[in-house]
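Undergrad: This is the structure, below, for whatever I ask next.
Numbering (the numbering used here), first residue to last: 40 to 283.
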């Protein structure tokens, strides 16, 4: 019987150990007529029963010239007129990842900001450690949930601030996923810029490792990061960096 379907499952490593066995059974029942392609940033999170049935292919980063050519072709085909320098900024944000580059270009175009180069600069800012560092520093001082008044359209509105507000900004405005935030937080903690005592530093890295492990079993990344921030706050209180 000929192969009639090609099924692509993106981010298969985020399905978790409870859902992946169902995927294995689906592969077995559809093997005669279908082939499966899994994409994963952390293949080690895929269960052995699936990995043993697949051929692993690591896709290298796309060269800058090739990436620029593809983005320009897509922009022309979709009728997108990017601002001068915007394509270069998208390439910088993607880091050689074609999928991320196409997603970023699509995001900018769908929000009607292709003529505003600063829209991509905001994504570039998300690739730095500033957001993660602010989040950890505020949590250490017990500033998990705070509120402030902000003027919007001539009226004052009560808006959230603090560590959770920074987390929401990274996840919603900057469109960072759980792995991106884990990577950013790890770089913040391992860079040495926070000047933390060794004992506190070890506690935070341990909490982050537990958070990373929970993410693979959860469908709600924000809840796991919220728990991590509360653990950071408790550690800050124990070490005299926050007030009860």
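By construction, the Cβ of each residue, glycine as well, lies at the ideal position given by its N, Cα and C atoms.
#1: Hey, could you find the ends of the alpha helix (DSSP H) residue 145 is sitting in?
#2: Could you spell out where the beta strand (DSSP E) holding residue 180 opens and where it closes?
#3: Return the chain-ordered list of same chain residues with a C-beta closer than 6 Å to the C-beta of residue 185, the five sequence neighbours on each side being excluded.
#4: Cutting at 6 Å between CB atoms, please list the residues of its own chain near residue 250, excluding the five before and the five after it.
#5: Could you check if residue 50 is buried or exposed, using at least 16 other CB atoms within 10 Å of its CB as the buried criterion?
#6: Please list the terminal residues of the continuous alpha helix (DSSP H) segment that includes residue 112.
#7: What residue does the beta strand (DSSP E) around residue 48 start on, and which one ends it?
#8: Tell me which residue opens and which closes the alpha helix (DSSP H) that residue 261 is part of.
#9: Spatial neighbours of residue 136 within its chain, please: C-beta separation below 8 Å, excluding the five flanking residues on both sides.
#10: Per the DSSP calculation, residue 198 is bridged to which residue(s)?
#11: Tell me the rounded alpha-carbon separation between residue 54 and residue 253.
#12: Could you compute how far the alpha carbon of residue 46 sits from the alpha carbon of residue 85?
#13: Does the Cβ-Cβ distance between residue 168 and residue 230 come in under 8 Å?
#14: So does the region 117–136 actually touch the region 187–194, counting three or more Cβ pairs closer than 8 Å?
#15: The alpha helix (DSSP H) spanning residue 76 covers which residue range?
#16: Looking at the secondary structure, which residues open and close the alpha helix (DSSP H) in which residue 226 lies?
#17: What does the alpha-carbon distance come out to for the pair residue 149 and residue 63?
#18: Would you grab the beta carbon distance between residue 224 and residue 171 for me? Rounded to a whole angstrom, and I think it's under 8 Å.
#19: Alpha carbon to alpha carbon, how far is residue 59 from residue 89? Give it in angstroms, no decimals.
#20: For residue 128, count neighbouring C-beta atoms within 10 Å of its own C-beta (all shown protein chains included) and say buried if the count is 16 or more, exposed if not.
#21: Would you kindly report the start and end of the unbroken alpha helix (DSSP H) that includes residue 254?
#22: Would you mind stating whether residue 78 and residue 43 have Cβ atoms separated by less than 8 Å?
#23: Relative to the C-alpha of residue 256, which candidate in 56, 48, 147 has its C-alpha closest?
TA: Inspection of the coordinates gives the following:
#1: Position 106 of the chain shown, counted from the start, is the residue given in the question as residue 145. Start and end: 137–149.
#2: Here residue 180 refers to the residue found at position 141 when the chain shown is read from its first residue. Segment: none, residue 180 is in no beta strand (DSSP E) and carries neither H nor E.
#3: Position 146 of the chain shown, counted from the first residue, corresponds to residue 185. Excluding positions up to five away in sequence, the list reads 200, 201.
#4: The count along the chain shown starts at 1 and reaches residue 250 at position 211. Excluding sequence neighbours, residue 250 sits near 263, 267.
#5: Translated into positions along the chain shown, residue 50 becomes position 11. In this structure residue 50 is exposed. Its beta-carbon is surrounded by fewer than 16 other beta-carbon atoms within 10 angstroms.
#6: Counted from its first residue, the chain shown places residue 112 at position 73. Looking at the DSSP string, the run of the alpha helix (DSSP H) that includes residue 112 is 103–116.
#7: The count along the chain shown starts at 1 and reaches residue 48 at position 9. Residue 48 -> beta strand (DSSP E) spans 44–48.
#8: Looking up residue 261 in the chain shown gives position 222. Looking at the DSSP string, the run of the alpha helix (DSSP H) that includes residue 261 is 260–277.
#9: Walking along the chain shown from the start, residue 136 turns up at place 97. Excluding sequence positions up to five before and after residue 136, its CB lies within less than 8 Å of the CB of 100, 101, all in the same chain and listed in chain order.
#10: Indexing the chain shown from 1 puts residue 198 at position 159. Note: residue 198 is bridge-paired with 187 in the DSSP secondary-structure output.
#11: As a first step, residue 54 must be located in the chain shown, where it is residue number 15. As a first step, residue 253 must be located in the chain shown, where it is residue number 214. Each residue's alpha carbon lies about 12 Å from the other.
#12: Within the chain shown, residue 46 is the residue found at index 7, counting from 1. Within the chain shown, residue 85 is the residue found at index 46, counting from 1. Answer to the nearest angstrom: the Cα atoms are 17 Å apart.
#13: Along the chain shown, read from residue 1 onward, the residue named residue 168 stands at position 129. Along the chain shown, read from residue 1 onward, the residue named residue 230 stands at position 191. Yes, the Cβ-Cβ distance between residue 168 and residue 230 is below 8 Å.
#14: Short answer: they don't touch.
#15: Position 37 of the chain shown holds residue 76. Segment 73–77 is the beta strand (DSSP E) holding residue 76; no alpha helix (DSSP H) there.
#16: As a position in the chain shown, residue 226 is number 187, starting the count at 1. 217–229 is the span of the alpha helix (DSSP H), which, as asked, contains residue 226.
#17: Here residue 149 refers to the residue found at position 110 when the chain shown is read from its first residue. Here residue 63 refers to the residue found at position 24 when the chain shown is read from its first residue. Spanning the two alpha carbons is a distance of roughly 36 Å.
#18: Numbered from its first residue, the chain shown carries residue 224 at position 185. Numbered from its first residue, the chain shown carries residue 171 at position 132. With 8 Å as the limit, residue 224 and residue 171 qualify as a contact, their Cβ atoms being about 5 Å apart.
#19: By 1-based counting over the chain shown, the position of residue 89 is 50. By 1-based counting over the chain shown, the position of residue 59 is 20. Taking the straight line joining both Cα atoms gives about 8 Å.
#20: Locating residue 128 in the chain shown gives position 89, where the first residue counts as 1. Buried is the call here.
#21: As a working mapping, residue 254 is identified with position 215 in the chain shown. Unbroken alpha helix (DSSP H) run through residue 254: 237–254.
#22: Here residue 78 corresponds to residue number 39 of the chain shown, with the count starting at 1. Here residue 43 corresponds to residue number 4 of the chain shown, with the count starting at 1. For residue 78 and residue 43, no; Cβs fall outside 8 Å.
#23: Counting from 1 along the chain shown, the entry for residue 256 is found at position 217. The shortest C-alpha separation from residue 256 is found at 56.
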